[in-house]
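Engineer: These protein sequence lines are chains F and H, in that order.
Those letters in the first sequence? Residues 329 to 581, by this note's numbering.
Those letters in the second sequence? Residues 905 to 1228, by this note's numbering.
Where a beta carbon is used, it is the ideal one built from N, C-alpha and C, also for glycine.
Source: prediction; values computed, not measured.
Structure incoming, see below.
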Amino acid sequence: MLTVEDLTMQFGGVKAVNKCSFTINEGTITGLIGPNGAGKTTTFNLIAGALKPTSGKIYFQGQDITGKATHQLFHQGLVRTFQIPHEFARMTVLENLMVVPPNQPGEAIWNNWLMPKKVFDREEEVKARAEDTLDFLQITHLRDEYAGNLSGGQKKLLELGRTMMTDAKLVLLDEPGAGVNPTLILKIRDMIARLRDERGYTFCLIEHDMDMISSLCDPVIVLAEGTVLMEGDIHDIRQNKAVIDAYLGGGAA
Amino acid sequence: MDLFYGYFLYAISLVTIGGIYAILTLGLNIQWGFAGLFNAGIAGFFAIGAYSAAILTTMPTDRHLGGYEMPYIVAALVAMVASGLIAWVIGKICLRLRSDYLAIATIGIAEIIRLVFKNEVWATNGHRGISEVPKPFEGLPQPWNDLAFLAIVGLIVLAVYLLSERAHKSPWGRVMTAIRENEPASHAAGKNIETFRMQGFVIGSMIMALAGAMMSHYLKFINPAVSEPIASTFLVWVMLIVGGSGNNKGAIIGAFLMWFIWSGTELVLSTIVQNIPPDLLSYLPADLSVRLAYVRIFMIGLLLQIFLQKYPSGIFPEKRPIAR
Ligand SMILES: Nc1ncnc2c1ncn2[C@@H]1O[C@H](COP(=O)(O)OP(=O)(O)OP(=O)(O)O)[C@@H](O)[C@H]1O
Ligand SMILES: [Mg+2]
């Protein structure tokens, strides 16, 4: 579904991503792990079009998408979340979700004056979907709260909720569990699995929570210093000496 | 009774110009309040509207370009389209750059526009300006002509308010706010930031031109002073900030309030100057009345500080609609 070829991103003297190549297959939940500063978030930024790579190619569903703008990729079904929550602070939680869906006639300003009925009908659909999402995330009580007032973990949930507001094909999740309490992490885990099974999403998941990775992800890609250190089944990865040294540490095996 | 009638006429003119400022402020609210675009050249768009309307509606004359004698509505529409086109060109260049560039560019453009109107004497009659601009209902007897004009201004304020309010509450307004709040996230939600920003910038500039057209018909005269930044840019910003940026009601209230204060300070200061005893006056600088104009600006600045202490987000802070 997504193939990355010799992807390189250089910031000044630092090669945050260095000749990185891997593939994400359709229907998988592919884990992306590695030490802090390994280049995981940068890789997401490159795939999602937030950064233009120094060199290398990215293919999505057989099409070269290197350097394509983020909003275009969204409409092709490539959606991402941010490691640091990017909420719309002075908008309500409900609005934060309602802004996401594509094909909203009311986004063309004149339709609001000329075709209020059409706008209204779609608006009802969008609202219903947003409310379902809030329900799913169990944050319905925060519906009319300004998103800027949410706690860190609640913002992470909202971040995740935004990806549920569109019919995505590939979802890039950057540490969805970071700062979220353990019971909720389990819920997020189930939710990701359900979205894959029920809606056919493909995921690429960055996480430092190894329980989440091992229970969800197959395969797992280990990044270190901007390149793929190893790729494969989580059990093999846990046994691998290089990965243990670079990331997992002695106790993890 | 005569004195009362004089006050009455003064009050009408105060409210009329206040209304024209309300249109301007509503335009700025779309740009800054909704879209977060810093337009520091409001005066330029205002002047484009004023001059276009004046040139398009006046009788033939050899003092300046003109003689088209277009109907008011057509002239106003052309004025708006001209302003929108210029905004579009500026937007094409600046909206993709960092946001401060837009501020710098709009200051520059407004200054260029001012200089063009001042120096292209063949078209604009230079600093002497365009006179005998027709005014709707000017045939009616006093005060009905002024009241009728006020009614038009009132209707335009209402119409712009309603359209803008609808837009703000709509999915369009939601996207605009989202972009203002968080660019990367809006991008990741599939929104084409440049397109939306452009729309806000162009629409706001068109509304500013409409205000300019109204001003030129109201005064029946227009000269490059309309593009002075103090009264046409700075004051409008103060109006929006005091009223509450992002809130259409606030924009209107702020416009009237600050316009009354601004006119009031003029009245108060000139009264003071007139009543200074002559022997004291000899100790004061000779160009006192000129200097007092700056005291006004100082006072408005001070007032802004006081307001912002008390109402940090304006009298009517922005409110996002709560969907039921
Ligand atoms: N915009 C940037 N400018 C300069 N350097 C950057 C930039 N973005 C990332 N880097 C550098 O690139 C490297 C990789 O950063 P990245 O955020 O991709 O790490 P990560 O794998 O996501 O780490 P973490 O697990 O801590 O989130 C780091 O050394 C970082 O300092
Ligand atoms: Mg990261």
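Could you name each continuous alpha helix (DSSP H) segment of 4 residues or more that falls completely within the segment 914 to 970 of chain H, going from the start of the chain to the end?
Structural biologist: Here the runs fully enclosed are 946 to 961.
Engineer: Please classify I1013 of chain H as buried or exposed, where buried requires at least 16 other C-beta atoms within 10 Å of its C-beta.
Structural biologist: That one is buried.
Engineer: Based on the DSSP output, what are the partners of I570 of chain F in its beta bridges?
Structural biologist: At residue 570 of chain F the sequence reads Ala, which differs from the Ile that was named. Bridge partners of A570 of chain F: none, in fact.
Engineer: Quick test of your reading: L557 of chain F and A570 of chain F, contact by CB under 8 Å. State the CB separation rounded to the nearest angstrom.
Structural biologist: Yes, L557 of chain F and A570 of chain F are in contact; Cβ-Cβ is about 6 Å, under 8 Å.
Engineer: Just the C-alpha distance for Y1122 of chain H and Q1046 of chain H, rounded to the nearest angstrom, thanks.
Structural biologist: C-alpha separation (whole angstroms): 14 Å.
Engineer: Taking 8 Å as the cut-off, decide whether the C-beta atoms of R471 of chain F and T420 of chain F are in contact.
Structural biologist: Cβ atoms of R471 of chain F and T420 of chain F: closer than 8 Å.
Engineer: Quick check on this structure: which residue in H:S917, H:L941 and H:L1185 has the alpha carbon closest to the alpha carbon of I1107 of chain H?
Structural biologist: Residue H:L941 is the option with its Cα nearest to I1107 of chain H.
Engineer: Using DSSP's beta-bridge definition, name the partner residues of Q338 of chain F.
Structural biologist: Q338 of chain F pairs with F:K343.
Engineer: Inspect the beta-carbon positions of K358 of chain F and I549 of chain F and report whether they are closer than 8 Å.
Structural biologist: The identity of residue 358 of chain F in the sequence shown is Thr, whereas the question assumes Lys. Cβ distance < 8 Å, so T358 of chain F and I549 of chain F count as in contact.
Engineer: At 8 Å on the CB atoms, spell out the chain F contacts of R1224 of chain H, in chain order.
Structural biologist: Ordered by position in chain F, the residues that pass the 8 Å Cβ test against R1224 of chain H are R418, M419, T420, E423 and Y474.
Engineer: Establish whether the CB of V428 of chain F and some CB of chain H are separated by less than 8 Å.
Structural biologist: Yes, its Cβ sits closer than 8 Å to a Cβ of chain H.
Engineer: Can you find a CB in chain F that lies within less than 8 Å of the CB of G970 of chain H?
Structural biologist: Cβ-Cβ to chain F under 8 Å: no for G970 of chain H.
Engineer: For L533 of chain F, report the span of its beta strand (DSSP E) as first-last.
Structural biologist: Counting along the chain, the beta strand (DSSP E) containing L533 of chain F begins and ends at T530 to I534.
Engineer: In three-state DSSP terms, what is S1149 of chain H?
Structural biologist: Of the three classes helix, strand and coil, the one that applies to S1149 of chain H here is coil, per DSSP.
Engineer: For chain F, check one thing: does any of its Cβ atoms lie closer than 8 Å to the Cβ of E872 of chain H?
Structural biologist: The requested residue 872 of chain H does not occur in the structure, where chain H is confined to residues 905 to 1228.
Engineer: Can a CB atom of chain H be found closer than 8 Å to the CB of F372 of chain F?
Structural biologist: Chain H, which has no Cβ nearer than 8 Å to the Cβ of F372 of chain F, makes this no.
Engineer: Here's a check: name, in chain order, each residue in its chain whose Cβ is nearer than 6 Å to the Cβ of T1028 of chain H, leaving out the five neighbours to either side.
Structural biologist: Only H968 and F1021 meet the Cβ criterion.
Engineer: For M558 of chain F, which beta-bridge partners are listed by DSSP?
Structural biologist: Bridge partners of M558 of chain F: F:V550.
Engineer: Under DSSP, the alpha helix (DSSP H) around Y575 of chain F begins and ends at which residues?
Structural biologist: Taken as a continuous stretch (DSSP letters only), Y575 of chain F belongs to no alpha helix (DSSP H), as it is neither H nor E.
Engineer: Apart from the five residues on each side of it in sequence, which residues of its chain come closer than 7 Å, Cβ to Cβ, to E368 of chain F?
Structural biologist: The amino acid at residue 368 of chain F is misidentified as Glu; the sequence shows Lys. Cβ within range, chain order: L360, G362, I534 and L551.
Engineer: In the DSSP assignment, the beta strand (DSSP E) including L498 of chain F goes from what residue to what residue?
Structural biologist: Looking at the DSSP string, the run of the beta strand (DSSP E) that includes L498 of chain F is L498 to D502.
Engineer: For A1229 of chain H, decide whether its Cβ has a neighbour in chain F, counting only Cβ atoms nearer than 8 Å.
Structural biologist: Because chain H spans 905 through 1228 in this model, residue 1229 of chain H falls outside it and cannot be assessed.
Engineer: Let me know the secondary structure DSSP gives L374 of chain F once reduced to three states.
Structural biologist: L374 of chain F: helix per DSSP, three-state reduction.
Engineer: Over what stretch of residues does the alpha helix (DSSP H) that includes I1101 of chain H continue unbroken?
Structural biologist: Here the sequence assigns Arg to residue 1101 of chain H, which means Ile is not the residue at that position. That run of the alpha helix (DSSP H) goes I1097 to L1123.
Engineer: First and last residue of the alpha helix (DSSP H) that includes L379 of chain F?
Structural biologist: Element bounds for L379 of chain F: n/a, residue is neither H nor E.
Engineer: Is there at least one non-hydrogen atom of ligand 4 closer than 7 Å to the beta-carbon of I549 of chain F?
Structural biologist: With respect to ligand 4, the structure offers nothing, as its ligand set consists of ligand 1 and ligand 2.
Engineer: A1089 of chain H: buried (16+ other C-beta within 10 angstroms of its C-beta) or exposed?
Structural biologist: Flag for A1089 of chain H reads buried.
Engineer: Using only the heavy atoms of ligand 1, determine whether one of them is closer than 7 Å to the beta carbon of F1100 of chain H.
Structural biologist: F1100 of chain H: no, Cβ never under 7 Å from ligand 1.
Engineer: For G340 of chain F, decide whether its Cβ has a neighbour in chain H, counting only Cβ atoms nearer than 8 Å.
Structural biologist: So no, G340 of chain F is outside the interface.
Engineer: Decide yes or no for the touch test of the segment 1076 to 1087 of chain H against the segment 960 to 979 of chain H: beta carbon pairs closer than 8 Å, at least 3 of them.
Structural biologist: At 8 Å Cβ cutoff, the stretches do not touch.
Engineer: Evaluate L478 of chain F with the Cβ neighbour count: other Cβ atoms within 10 Å of its Cβ, from every protein chain shown; 16 or more gives buried, anything less gives exposed.
Structural biologist: With 16 or more Cβ atoms within 10 Å of its Cβ, L478 of chain F is classed as buried.
Engineer: Under the three-state reduction of DSSP, which class applies to A581 of chain F: helix, strand or coil?
Structural biologist: Only weak support is given to the placement of A581 of chain F: the predicted model assigns it a pLDDT of 41, under 50, and the value that follows is read from those uncertain coordinates. A581 of chain F falls in the coil class under three-state DSSP.
Engineer: Run through DSSP, which three-state label would Y976 of chain H get?
Structural biologist: The answer is helix: DSSP assigns Y976 of chain H an H, G or I state.
Engineer: With 7 Å as the limit, tell me which residues of the segment 1038 to 1069 of chain H have their beta carbon closer than that to any beta carbon of chain F; keep them in chain order.
Structural biologist: Listed in sequence order: L1067.
Engineer: Go ahead and label H1091 of chain H buried or exposed: buried means 16 or more other beta carbons lie within 10 angstroms of its beta carbon, across all protein chains shown.
Structural biologist: Buried: at least 16 other Cβ atoms inside 10 Å.
Engineer: According to the neighbour-count rule (16 or more other Cβ atoms, all chains shown, within 10 Å of its Cβ), is A435 of chain F buried or exposed?
Structural biologist: Checking the displayed sequence, the identity of residue 435 of chain F turns out to be Glu instead of Ala. It is buried - the Cβ of E435 of chain F has at least 16 other Cβ atoms within 10 Å.
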